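Chemist:
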Amino acid sequence: MRAKVVHIAGSKGKGTVAWLISEGLRASGFKVGLFSSPFILSEEEMIRINGVSIPRKRLDDYLEKVQIGKELSEFEALTEAAFLCFEEEECDYIILECGWGGKMDATNRIEKKDLTILTHIELEHMEVLGDTLKKITLEKLGICRPGVPLLTASSQDAAVMQTIEDAGFKVEIAPSAELNYHNPESTGLALFALEKLGVVLDSKILDALAKLIIPGRFEVLKMDEHVLILDGAHTYDSIRSLEGRVLTYAQEHGLPLPLWAIHTLKDKPKDLWTLFPIGRTVWLELDHPRASTPPDQLPKTTVEQLLSELKLEETPKLVVFTGSFRVVAEVRKGF
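Residue 309 in the working numbering sits at position 179 of the sequence shown, with consecutive numbering throughout.
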């Protein structure tokens with residue numbers, strides 16, 4: 131029997147939606163293959179069976195097979211490796227998260243799908259996807275198929291909704307939902323999707339989702355008396371959402387106001403740091419080909435230096451590392 135396929139595109143929240151759907155299905159007794167990007171420390175994180183990354187040796191074997199006689203990009207090769215893995219595992223469900231786009235994305239070669247999802251769409255990767263919301267939306271709508279249900283977020287811009295309507299797709303809007311500190315919009319989409327797939331959202335399923343730890347998405351780590359929150363948010367709306375959830379977390383856990391440690395790569399908005407208060411924000415300098423020039427207004431430090439300073443600090447601190455999944459990776463390496 132063919133695995134059922136859920137395909138997700140959008141500008142922000144794709145990973146959270148993919149992980150929550152995968153976990154909800156797993157907790158319901160299904161075997162689930164999840165393809166999600168980017169990875170934090172190693173490529174095998176992108177391909178998971180019931181939430182567990184495949185072994186490196188197995189990934190290498192797949193990559194060798196899919197690249198015979200072909201010239202594939204890294205993402206294309208990993209996508210093909212995921213398809214091989216999910217077929218071998220005879221998964222009940224396959225959850226696919228697009229990379230950047232939709233229509234031209236490597237994940238879109240699968241024609242038969244059971245559910246498509248558009249998370250919040252905003253201006254991003256304009257040099258590739260287009261310089262207007264309409265162009266970007268049309269690219270991401272490329273994952274959709276006639277007759278296949280399409281779900282979207284409640285916060286979509288009017289221009290996005292108009293583009294969906296003009297393209298002839300019937301779309302259902304998912305309400306936001308609160309579940310632990312997951313993004314409410316992403317949570318609502320995932321819960322709505324699970325219901326569409328026939329999952330009964332009983333206490334067992336909701337408890338599993340509430341306890342789910344998603345790498346680099348409001349990931350909470352403890353270091354002595356300090357609390358670190360790792361989140362790869364890198365768009366204006368995702369940063370705004372993160373800020374609200376962090377302040378709620380701090381209040382509910384009796385923590386001080388957070389220190390925001392941020393770095394955005396060259397192809398991302400350069401002024402995301404302006405959404406945070408001056409005086410409580412530092413710029414993280416990264417050794418990376420796409421590292422950005424630091425703004426003059428912020429003090430500079432490195433992940434290593436900041437973690438070292440925290441180890442010497444006795445007063446409990448709340449530090450949020452954000453702006454890029456590269457930042458998350460650097461913290462993980464030094465933690």
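All residues carry an ideal CB built from backbone N, CA and C; glycine is no exception.
If you're wondering where the values come from, they're calculated on a predicted model, not measured in any experiment.
1) I'd like to confirm the pairing. Which residues does DSSP put opposite Met353 in its beta bridges?
2) Determine, using beta-carbon pairs with one atom in the region 231-249 and one in the region 266-286, whether at least three such pairs fall under 8 Å.
3) Does Lys265 come out as helix, strand or coil in the three-state DSSP assignment?
4) Find the nearest neighbour of Phe213 within the set Leu309, Pro168, Gly163, Gln197, judged by alpha-carbon distance.
5) Just to confirm the assignment: which complete alpha helix (DSSP H) runs, minimum length 4, are found wholly within the region 156-197?
6) Less than 8 Å separating the beta-carbons of Arg186 and Glu174?
7) Excluding the 5 residues flanking Gly140 on each side, which residues of the same chain have their C-beta closer than 7 Å to its C-beta?
8) Please classify Ile266: is it buried, with 16 or more other beta-carbons within 10 angstroms of its beta-carbon, or exposed?
9) Please report the Cβ distance between His364 and Ser454, rounded to the nearest whole angstrom; I am assuming they are in contact, meaning their Cβ atoms lie under 8 Å.
10) Counting along the chain, where does the beta strand (DSSP E) carrying Leu342 start and finish?
11) Can you check whether the CB of Ala320 is closer than 8 Å to the CB of Ile177?
12) From what residue to what residue does the alpha helix (DSSP H) around Tyr379 run?
13) Ordered along the chain, which non-local residues of its own chain (more than five positions away) have a Cβ less than 6 Å from that of Thr452?
14) Express the C-alpha separation of Leu208 and Arg188 in angstroms, rounding to a whole number.
15) My assumption, with CB atoms under 8 Å, is that Trp390 sits in contact with Thr411. Please give the rounded CB distance.
16) Could you pull the start and end residues of the alpha helix (DSSP H) that Thr331 belongs to?
17) So, helix, strand or coil for Thr237, using DSSP?
18) For Glu302, which residues from the same chain have a beta carbon less than 6 Å from its beta carbon, with the 5 sequence-adjacent residues on both sides left out?
19) So, with DSSP's three-state summary, where would you put Trp230?
20) Roughly how many whole angstroms lie between the Cα atoms of Lys233 and Ile138?
21) Can you look up Thr423 in the DSSP assignment and give me helix, strand or coil?
22) Near Phe299, what residues of its chain come up, given a Cβ to Cβ distance below 6 Å and the 5 sequence neighbours on each side ignored?
23) So, with DSSP's three-state summary, where would you put Phe451?
24) Per DSSP, Glu302 is paired with what?
25) By Cβ distance below 6 Å, which residues in the same chain neighbour Leu358 in space, the five residues on each side in sequence not counted?
26) Compute the Euclidean distance between the alpha carbons of Pro314 and Glu220, then round it to the nearest angstrom.
27) How far does the alpha helix (DSSP H) with Lys441 in it reach, from first residue to last?
28) Go to Leu416, then tell me how far its beta strand (DSSP E) extends in each direction, as first and last residue.
29) Nearest by alpha-carbon distance to Lys326: which of Gly231, Lys142, Ala304 is it?
30) So Ser166 and Gly143 are in contact, right, with Cβ under 8 Å, and what is the actual spacing, rounded?
31) Does the structure place the region 152-162 close enough to the region 324-344 that three or more beta carbon pairs sit under 8 Å?
32) Looking at the unbroken beta strand (DSSP E) that takes in Ile392, where does it start and where does it end?
33) Run the proximity test for Thr394: is its beta-carbon closer than 7 Å to any non-hydrogen atom belonging to the ligand MG?
34) Do you know offhand how far Asp417's Cα is from Val329's?
Modeler: The short version:
1) Translated into positions along the sequence shown, residue 353 becomes position 223. Partner(s): His356.
2) Taking 8 Å as the limit for Cβ pairs, the verdict is that the region 266-286 does touch the region 231-249.
3) As a first step, residue 265 must be located in the sequence shown, where it is residue number 135. Correct three-state label for Lys265: helix.
4) Looking up residue 213 in the sequence shown gives position 83. The residue with the shortest Cα to Cα distance from Phe213 is Gly163.
5) 186-196
6) Counting from one through the sequence shown, the residue named residue 186 turns up at place 56. Counting from one through the sequence shown, the residue named residue 174 turns up at place 44. Yes, the Cβ-Cβ distance between Arg186 and Glu174 is below 8 Å.
7) Counting from 1 along the sequence shown, the entry for residue 140 is found at position 10. Result list for Gly140: Leu248, Thr249, His250, Ile251, Lys270, in chain order.
8) Taking the first residue of the sequence shown as 1, we reach residue 266 at position 136. Buried, by the Cβ-count rule.
9) Within the sequence shown, the letter at position 234 stands for residue 364. Within the sequence shown, the letter at position 324 stands for residue 454. Sure, about 6 Å apart at Cβ, within 8 Å.
10) Looking up residue 342 in the sequence shown gives position 212. Unbroken run through Leu342: none, as it is neither H nor E.
11) Within the sequence shown, numbered from 1, the residue matching residue 177 stands at position 47. Within the sequence shown, numbered from 1, the residue matching residue 320 stands at position 190. Not a contact, by the Cβ cut-off of 8 Å.
12) Here residue 379 is taken as the residue at index 249 of the sequence shown, counted from 1. Tyr379 -> alpha helix (DSSP H) spans 366-382.
13) Counting from 1 along the sequence shown, the entry for residue 452 is found at position 322. Only Asp361, Ala363, Ile392 meet the Cβ criterion.
14) The residue given as residue 188 occupies position 58 in the sequence shown. The residue given as residue 208 occupies position 78 in the sequence shown. In a straight line, the C-alpha of Arg188 is about 12 Å away from that of Leu208.
15) The count along the sequence shown starts at 1 and reaches residue 390 at position 260. The count along the sequence shown starts at 1 and reaches residue 411 at position 281. Cβ-Cβ separation between Trp390 and Thr411: approximately 4 Å, consistent with a contact (criterion under 8 Å).
16) In the sequence shown, residue 331 corresponds to position 201, counting from 1. The amino acid occupying residue 331 in the given sequence is Leu; Thr does not appear at that position. Neither: Leu331 is in no alpha helix (DSSP H) and is coded neither H nor E.
17) Here residue 237 is taken as the residue at index 107 of the sequence shown, counted from 1. It is helical.
18) Position 172 of the sequence shown, counted from the start, is the residue given in the question as residue 302. Leu281, listed in sequence order.
19) The sequence position of residue 230 within the sequence shown is 100, counting from 1. Looking at Trp230 - three-state DSSP - the assignment turns out to be coil, as it is neither helix nor strand.
20) Here residue 233 corresponds to residue number 103 of the sequence shown, with the count starting at 1. Here residue 138 corresponds to residue number 8 of the sequence shown, with the count starting at 1. In a straight line, the C-alpha of Lys233 is about 12 Å away from that of Ile138.
21) Locating residue 423 in the sequence shown gives position 293, counting from the first residue. Thr423: coil per DSSP, three-state reduction.
22) For the purposes of this step, residue 299 is taken as the residue at position 169 of the sequence shown. The answer, listed in chain order, is Cys274, Leu280.
23) Position 321 of the sequence shown holds residue 451. If DSSP states are grouped into helix, strand and coil, Phe451 belongs with the strands.
24) Taking the sequence shown and counting its residues from 1, one reaches residue 302 at position 172. Answer is Leu281.
25) On the sequence shown, residue 358 is found 228 positions in, with the first residue counted as 1. The residues are Leu351, Val449.
26) Along the sequence shown, one-based indexing puts residue 314 at 184. Along the sequence shown, one-based indexing puts residue 220 at 90. Straight-line Cα distance between these residues: approximately 32 Å.
27) Start at 1 with the first residue of the sequence shown, and residue 441 comes out as number 311. Residues 433-442.
28) For the purposes of this step, residue 416 is identified with residue 286 of the sequence shown, where counting begins at 1. No beta strand (DSSP E) holds Leu416; DSSP gives it neither H nor E.
29) For the purposes of this step, residue 326 is taken as the residue at position 196 of the sequence shown. Comparing Cα positions, the closest option is Ala304.
30) Translated into positions along the sequence shown, residue 166 becomes position 36. Translated into positions along the sequence shown, residue 143 becomes position 13. Going by Cβ atoms, the distance from Ser166 to Gly143 rounds to 12 Å, so no, they are not a contact pair.
31) They touch, by the three-pair rule.
32) By 1-based counting over the sequence shown, the position of residue 392 is 262. Ile392 -> beta strand (DSSP E) spans 389-392.
33) Looking at this structure, you won't find the ligand MG or any other ligand, since it has none at all.
34) On the sequence shown, residue 417 is found 287 positions in, with the first residue counted as 1. On the sequence shown, residue 329 is found 199 positions in, with the first residue counted as 1. Cα-Cα distance, rounded: 45 Å.
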